[in-house]
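K.L.:
Residue numbering for the sequence shown follows the UniProt record's numbering, beginning at 1 and increasing consecutively. Below you will find the structure I want to go over with you.
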Amino acid sequence: MAARKPLSHFIDIDLVHRTVEDKFQLQDAKVLGEGMCGAVFLVKNPVGKTDFAALKVFTGKRESDSSSSSNSDHSQERAEKLFRTEVNVMRQCQHPNLMPMLHSVRMADSLCILMPYMSGGSLNRVMRRLTLQQARRYFFQIADAVNYLHQKKIVHGDIKPSNILISSEDQAVLSDFGLSKCVPNYRVEVFVDHGTRGFMAPETLADERVNPFKVDMYALGVTLWAMTIKKKPGPSVDYLHHVNRASLTPSLKHLLESLLQKKPSLRASASQVVEGSLP
Ligand SMILES: Nc1ncnc2c1ncn2[C@@H]1O[C@H](COP(=O)(O)OP(=O)(O)OP(=O)(O)O)[C@@H](O)[C@H]1O
Ligand SMILES: [Mg+2]
C-alpha cells in the first residue's frame with residue numbers, strides 16, 4: 001500500500017507572487033462571506049474547468065481583535081490552525097455533499113484554500129422560503145455527508161446553515177472544516193470547547209467530556225429545526241416545545257425529536273438517520 005503523503009505535499013508554496021491580492025487580483029473581487037477564518041472571495045478559477053472559484057483567505061482575525069502585535073501573533077496562530085485543520089479534512093474526503101478542495105496555497109502574506117464556487121450561496125440565505133420538501137431533501141443530503149464523515153471518525157464541529165452551501169445543481173454541500181476533529185478511537189470522548197451558540201448540544205455547556213459525534217447530531221437537528229419551524233435558533237430556545245406545537249408530518253416530528261434529544265444516549269446517530277432506523 002502506498003504511504004500516505006504528508007500534509008505539506010498538498011499545500012503549494014507560491015514564491016512567484018508577492019501577495020494574495022497580486023496572485024488572485026482581489027482588489028476587484030466580490031466578497032462572498034466573512035467569518036472566523038477571514039474572508040471568502042469570488043475569483044477567476046486558475047485550475048479548474050469552471051470560470052469561477054471561491055478563495056478562502058485565512059487571516060484568523062476577529063472583529064474584536066485590536067492591532068497590537070501579540071493579538072496579531074494570535075491571529076496568525078489561529079489562521080494556521082484553522083487552515084491546516086481544514087486542508088487535512090478536505091484532502092481525506094470525497095463525497096458529493098462535502099466541499100472539495102481544488103487547491104491550497106501558502107503565500108508570503110497568507111494561507112488560502114481554493115474551492116468550487118457555490119452559486120446558490122449559503123442555506124441561511126434561502127432558508128425562509130424553503131418548502132418542507134426542499135428542506136427534507138437538503139437535510140438528507142447533509143445527513144449523508146455527516147454519516148460519511150462520522151464513518152471516517154471525523155467530527156465536523158460546526159454544523160449550521162451558514163456552513164451549508166447550495167450548488168448550481170441545487171445540491172446542499174457541507175463546508176467549513178476549521179473546527180473539525182479526527183477522533184480515531186470511537187470510544188474516546190473528547191471535550192468540545194467551541195461551536196456556535198444555539199447549535200451546541202446541552203451537554204457541552206455542562207463543562208464535561210462529551211461524545212462529539214452526538215454533538216454534531218444535535219447541531220444537525222437545530223439546522224433541520226430552523227429549516228422547518230422557520231424561527232431563529234438561540235441558546236434559550238426550547239426547540240422541542242416548538243416541534244410539539246408545529247403542524248408537521250409525524251415522520252418529520254419524530255426525526256426532529258430524535259435529533260434534539262437533550263440526553264446524548266437517546267439522540268439519533270448519523271447512520272440511524274440515513275438508514276431510517278431512528279431510536
Ligand atoms: N465555495 C463557496 N461558494 C460560495 N460562497 C461561499 C463558499 N465558501 C464560503 N462561502 C461564503 O462565505 C461564508 C463564510 O465561509 P466559511 O464558513 O467557510 O468561513 P468562516 O470564516 O469559517 O465562517 P464562520 O466563522 O462564519 O463559520 C459562507 O457562509 C458563504 O456565505
Ligand atoms: Mg463558516
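Ideal Cβ placement from N, Cα and C applies to all residues, glycine included.
(1) Closer than 7 Å to a non-hydrogen atom of ligand 2 - does that hold for the CB of Asp144?
(2) Please confirm whether Ala270 and Leu259 have their CB atoms less than 8 Å apart.
(3) For ligand 1, I want to know if Cys112 counts as a neighbour, meaning its beta carbon is within less than 7 Å of at least one of the ligand's heavy atoms.
(4) Taking only three categories from DSSP, how would you classify Val222?
(5) Given that a residue counts as buried once 16 or more other Cβ atoms are within 10 Å of its Cβ, and exposed if not, what is Leu132?
(6) Exposed or buried, Arg128, counting other C-beta atoms within 10 Å across all chains shown (16 or more means buried)?
(7) Decide yes or no for the touch test of the stretch 140-152 against the stretch 93-106: beta carbon pairs closer than 8 Å, at least 3 of them.
(8) Can you tell me the Cβ-Cβ gap for Ala143 and Val31, rounded? I've got them flagged as a contact below 8 Å.
(9) When you measure from the CB of Ser162 to every non-hydrogen atom of ligand 2, does any distance come out below 7 Å?
(10) Taking Val31 as part of the beta strand (DSSP E), name the residues at either end of that continuous run.
(11) Select from Thr223, Lys23, His194 the residue whose C-alpha is nearest the C-alpha of Arg209.
(12) Buried or exposed for Gln27, going by 16 or more other Cβ atoms inside 10 Å?
(13) For Lys81, count the other beta carbons within 10 Å of its own beta carbon; 16 or more makes it buried, fewer makes it exposed. Which is it?
(14) Do Val57 and Ser110 come within 8 Å of each other at the CB atom, strictly closer than that value?
(15) In the DSSP assignment, the alpha helix (DSSP H) including His150 goes from what residue to what residue?
(16) Kindly identify the DSSP beta-bridge partner or partners of Gly38.
P.N.:
So, from the data block:
(1) Sequence index remark: in the sequence shown, residue 144 carries index 144 (1-based). For ligand 2, not one heavy atom lies less than 7 Å from the Cβ of Asp144.
(2) Indexing the sequence shown from 1 puts residue 270 at position 270. Indexing the sequence shown from 1 puts residue 259 at position 259. No, the pair does not count as a contact, with Cβ atoms beyond the cut-off.
(3) Counting from 1 along the sequence shown, the entry for residue 112 is found at position 112. False, no ligand heavy atom lies under 7 Å from that Cβ.
(4) On the sequence shown, position 222 is the one that residue 222 refers to. Helix.
(5) Numbered from its first residue, the sequence shown carries residue 132 at position 132. Its Cβ having fewer than 16 others within 10 Å, Leu132 is exposed.
(6) For the purposes of this step, residue 128 is taken as the residue at position 128 of the sequence shown. With fewer than 16 Cβ atoms within 10 Å of its Cβ, Arg128 is classed as exposed.
(7) yes
(8) Stepping through the sequence shown from its first residue, residue 143 is reached at position 143. Stepping through the sequence shown from its first residue, residue 31 is reached at position 31. Going by Cβ atoms, the distance from Ala143 to Val31 rounds to 30 Å, so no, they are not a contact pair.
(9) Counting from one through the sequence shown, the residue named residue 162 turns up at place 162. Yes, Cβ of Ser162 sits closer than 7 Å to a heavy atom of ligand 2.
(10) Looking up residue 31 in the sequence shown gives position 31. Its beta strand (DSSP E) spans residues 30-34.
(11) By 1-based counting over the sequence shown, the position of residue 209 is 209. If we check each option's Cα against that of Arg209, His194 comes out closest.
(12) As a working mapping, residue 27 is identified with position 27 in the sequence shown. Per the 10 Å Cβ criterion, exposed.
(13) Sequence index remark: in the sequence shown, residue 81 carries index 81 (1-based). So Lys81 ends up on the exposed side.
(14) On the sequence shown, position 110 is the one that residue 110 refers to. On the sequence shown, position 57 is the one that residue 57 refers to. Cβ distance < 8 Å, so Ser110 and Val57 count as in contact.
(15) Residue numbering aside, residue 150 sits at position 150 when the sequence shown is read from its first letter. Element bounds for His150: 132-151.
(16) Position 38 of the sequence shown, counting from 1, holds the residue named residue 38. Note: Gly38 sits in a beta bridge opposite Phe58.
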